[in-house]
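First the structure, in the form of structure tokens, and then the observations on it.
Residue numbers (the numbering used here), protein chains in the order written: chain A, 1 to 313; chain B, 314 to 460.
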């Protein structure tokens, strides 16, 4: 049972991000139902269609996200919740690469990963040639560590133009459900979850200060392994980055709204730093330099969490 | 996004997973013969939508009597009935005080605390506290109703 509608952020500045995560997520229908229950029938002058609500701003939303909307138009989406479903469809059909960068929940990634594994099995047992697909996605995977996709290259293993178009369509489409699955499969050999990826880490029944310190302690596990190869450090960074996704998706019921909003906002900043470090490592920067940068990021986030714990005491 | 698109229009997570897989399989099998090389995404989502329509039409029970059948809808309602959570929430909202209800409705319309506090003539912190109290009350109430 999740009351998604009531998780609306206290800070209006985060409203666009929050709605975007729902638009690319699995629960926007439930969010719409709950908003409708709370708000009752729409007033007679409420916009009936997305075109009415957003006028000429829809193309920019599709390209650059909801942050481009003024507050009044953002609010119109909440006042007519059905428009969110229409907007999700528009984003699916015509959204730009911006939407690939919106964080998906750990649940979503897991579902996509499972789906991909089953699809591969079905394709292989039906005699389908999956080697080219796997090659294409694995070549894309290191560059698509998170929903944020940079330029993706495809190794065109097939000579047939249509098959190549399919691969181009899939990868350039940057469907998180497909591309992230490749990342997950290629990086998650059979590692034991650690840090924020561990099951139940965000379900600890603690007071707010204890909880924030607990999150900090868990992040400390980064230092348990000191990879000295590019592959080892990439894997470690991917795991840390997935931990950020898990943190973003968690309820943090232990925290008051202000602390929760702070935590989610900071997590986005930390996640971006890890993304940049991964990109730099892939671009050829030294393992030592990147590991030092990641160490600094982790130390800073631990310090920030502990400071916040003191403030919330 | 395909998974999100399908999941939000299916009645069950299991249906969504099956339909997503079936969509990709259909794409794989027919891309060389049916994709014209233009808008891949539009083609992909048409396949997904058509599969969902077929899937839920097959689930409509056939009439037993020999009577003229009614025209099937152009597209079945993928997600029609309110969820258990939404139904429970509706019941719990009635238990809120008038002011709490006003604040909850205003917040869920995207109004900020500054606007709400000015309208109600209360300090901003008070508006925030009351919203969070109402939220906790609703969560507890919905949780009880669903358990």
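Every residue, glycine too, gets a C-beta built ideally from N, C-alpha and C. All values derive from a computational prediction rather than experimental measurement.
Buried versus exposed call for residue 325 (chain B) [16 or more other C-beta atoms within 10 Å across all chains shown]: As a working note, residue 325 (chain B) is residue 12 in the second chain. Exposed, since its Cβ has fewer than 16 Cβ neighbours within 10 Å.
Using DSSP with H/G/I as helix, E/B as strand and the rest coil, what is residue 188 (chain A)? Taking the first chain and counting its residues from 1, the one referred to as residue 188 (chain A) is at position 188. Residue placement at residue 188 (chain A) is poorly supported in this model, since its pLDDT is 41, which falls under 50; the coordinates still yield a value, given next. It is coil, neither helix nor strand.
CA-to-CA distance, residue 221 (chain A) to residue 195 (chain A), given in whole angstroms: Counting from 1 along the first chain, the entry for residue 195 (chain A) is found at position 195. Counting from 1 along the first chain, the entry for residue 221 (chain A) is found at position 221. Those two C-alpha atoms are separated by around 6 Å.
Nearest chain B C-beta to residue 99 (chain A) closer than 8 Å, yes or no? Position 99 of the first chain, counting from 1, holds the residue named residue 99 (chain A). By this cut-off, residue 99 (chain A) is an interface position.
Can you give me the C-alpha to C-alpha distance between residue 239 (chain A) and residue 200 (chain A), rounded to a whole angstrom? Locating residue 239 (chain A) in the first chain gives position 239, where the first residue counts as 1. Locating residue 200 (chain A) in the first chain gives position 200, where the first residue counts as 1. Taking the straight line from one Cα to the other gives about 16 Å.
Which residue from A:1, A:109, A:262 and A:255 puts its Cα closest to that of residue 313 (chain A)? On the first chain, residue 313 (chain A) is found 313 positions in, with the first residue counted as 1. Closest option to residue 313 (chain A), Cα to Cα, is A:255.
Hey, is residue 366 (chain B)'s beta-carbon within less than 8 Å of any beta-carbon in chain A? One-based indexing of the second chain puts residue 366 (chain B) at position 53. So, not an interface residue.
Since residue 115 (chain A) contacts residue 334 (chain B) with CB under 8 Å, what's their CB separation in whole angstroms? On the first chain, residue 115 (chain A) is found 115 positions in, with the first residue counted as 1. On the second chain, residue 334 (chain B) is found 21 positions in, with the first residue counted as 1. With a Cβ gap of about 6 Å, residue 115 (chain A) and residue 334 (chain B) count as contacting.
Kindly indicate which residue of B:445, B:365, B:417 and B:455 has the alpha-carbon position closest to the one of residue 40 (chain A). Position 40 of the first chain, counting from 1, holds the residue named residue 40 (chain A). Looking at the Cα atoms, B:417 is the closest of the given residues.
Assign residue 58 (chain A) to one of three DSSP states: helix, strand, or coil. As a working mapping, residue 58 (chain A) is identified with position 58 in the first chain. Three-state DSSP puts residue 58 (chain A) in a helix.
Buried or exposed (CB count within 10 angstroms, at least 16 for buried), residue 52 (chain A): Numbered from 1 along the first chain, position 52 holds the residue referred to as residue 52 (chain A). So residue 52 (chain A) counts as exposed.
Tell me which residues of the region 347-364 of chain B have at least one Cβ-Cβ distance to chain A shorter than 8 Å, keeping chain order. 348, 350, 353, 354, 355, 357 and 358
In three-state terms, what does DSSP make of residue 204 (chain A)? Within the first chain, residue 204 (chain A) is the residue found at index 204, counting from 1. Residue 204 (chain A) falls in the coil class under three-state DSSP.
Nearest to residue 232 (chain A) by alpha carbon, out of A:198, A:282 and A:259? Locating residue 232 (chain A) in the first chain gives position 232, where the first residue counts as 1. Of the listed residues, the one whose Cα sits closest to residue 232 (chain A) is A:282.
When DSSP labels each residue in this structure, what does residue 400 (chain B) get in the three-state scheme? Numbered from 1 along the second chain, position 87 holds the residue referred to as residue 400 (chain B). Residue state, collapsed to three classes: helix.
Please confirm whether residue 49 (chain A) and residue 60 (chain A) have their CB atoms less than 8 Å apart. Within the first chain, residue 49 (chain A) is the residue found at index 49, counting from 1. Within the first chain, residue 60 (chain A) is the residue found at index 60, counting from 1. No; because the gap between Cβ atoms is not below 8 Å, this pair is not in contact.
Could you check whether the region 69-76 of chain A touches the region 430-441 of chain B, counting it as contact only if at least three pairs of C-beta atoms, one from each stretch, sit closer than 8 Å? no
Looking at C-beta atoms only, is the number of pairs between the region 29-38 of chain A and the region 281-295 of chain A that lie closer than 8 Å three or more? no
Per-residue DSSP class, three states only, for residue 332 (chain B): For the purposes of this step, residue 332 (chain B) is identified with residue 19 of the second chain, where counting begins at 1. Note: residue 332 (chain B) maps to helix in three-state DSSP.
Whole runs of the alpha helix (DSSP H) within the region 64-100 of chain A, excluding any shorter than 4 residues: 71-79 and 82-94
Using the beta-carbon count (16 or more within 10 Å), is residue 401 (chain B) buried or exposed? As a first step, residue 401 (chain B) must be located in the second chain, where it is residue number 88. Burial call: buried.
Is it buried or exposed, residue 223 (chain A), if we count other Cβ atoms within 10 angstroms and call 16 or more buried? Taking the first residue of the first chain as position 1, residue 223 (chain A) is located at position 223. The residue is exposed, with fewer than 16 neighbouring Cβ atoms inside 10 Å.
Rounded distance between the beta-carbons of residue 105 (chain A) and residue 249 (chain A), thought under 8 Å: The count along the first chain starts at 1 and reaches residue 249 (chain A) at position 249. The count along the first chain starts at 1 and reaches residue 105 (chain A) at position 105. Contact holds; Cβ gap of about 4 Å.
Listed from N- to C-terminal order along the chain, which residues in the region 7-40 of chain A have their beta-carbon within a distance smaller than 7 Å of any beta-carbon of chain B? 8, 10, 12, 15, 24, 25, 26, 28, 29, 30, 33, 34, 35, 37, 38 and 39
Drop a sphere of 10 angstroms on the beta-carbon of residue 22 (chain A), count the other beta-carbons inside from all chains shown, and report buried for 16 or more, exposed for fewer. Position 22 of the first chain, counting from 1, holds the residue named residue 22 (chain A). Looking at its Cβ environment, which holds 16 or more other Cβ atoms inside 10 Å, residue 22 (chain A) is buried.
Select from the region 394-420 of chain B all residues with a C-beta closer than 7 Å to any C-beta belonging to chain A, and list them in chain order. 395, 396, 398, 399, 402, 403, 406, 417, 418 and 420
Taking the CB atoms as reference points, tell me whether residue 212 (chain A) and residue 271 (chain A) lie closer together than 8 Å. Residue numbering aside, residue 212 (chain A) sits at position 212 when the first chain is read from its first letter. Residue numbering aside, residue 271 (chain A) sits at position 271 when the first chain is read from its first letter. In this structure, residue 271 (chain A) does not lie closer than 8 Å to residue 212 (chain A) by Cβ.
Beta-carbon spacing of residue 122 (chain A), residue 20 (chain A) below 8 Å: In the first chain, residue 122 (chain A) corresponds to position 122, counting from 1. In the first chain, residue 20 (chain A) corresponds to position 20, counting from 1. For residue 122 (chain A) and residue 20 (chain A), no; Cβs fall outside 8 Å.
Does the region 297-304 of chain A come close enough to the region 81-101 of chain A that 3 or more CB-CB pairs lie under 8 Å? no
Cβ closer than 9 Å: which chain A residues qualify as neighbours of residue 456 (chain B)? The residue you call residue 456 (chain B) lines up with position 143 of the second chain. Residues of chain A passing the Cβ test: 1.
Restricting to Cα atoms, I'd like to know which of B:454, B:359, B:355 and B:362 is closest to residue 404 (chain B). Here residue 404 (chain B) is taken as the residue at index 91 of the second chain, counted from 1. Residue B:454 is the option with its Cα nearest to residue 404 (chain B).
Could you tell me if residue 275 (chain A) is buried or exposed, where buried requires 16 or more neighbouring beta carbons within 10 angstroms of its beta carbon? Residue 275 (chain A) sits at position 275 when you count from the first residue of the first chain. By the neighbour-count rule (16 or more Cβ atoms within 10 Å), residue 275 (chain A) is buried.
Using three-state DSSP, classify residue 442 (chain B) as helix, strand or coil. For this step, residue 442 (chain B) is matched to residue 129 along the second chain. Of the three classes helix, strand and coil, the one that applies to residue 442 (chain B) here is helix, per DSSP.
DSSP state of residue 320 (chain B) mapped onto helix, strand, coil: In the second chain, the residue the question calls residue 320 (chain B) occupies position 7. Reduced to three states, the DSSP call for residue 320 (chain B) is helix.
In the structure shown, what three-state DSSP assignment does residue 342 (chain B) receive? What you label residue 342 (chain B) is simply residue 29 of the second chain in a count that begins at 1. If DSSP states are grouped into helix, strand and coil, residue 342 (chain B) belongs with the helices.
Taking the straight line between their C-alpha atoms, what separation do you get for residue 226 (chain A) and residue 216 (chain A)? Numbered from 1 along the first chain, position 226 holds the residue referred to as residue 226 (chain A). Numbered from 1 along the first chain, position 216 holds the residue referred to as residue 216 (chain A). So the alpha carbons of these two residues sit roughly 19 Å apart.
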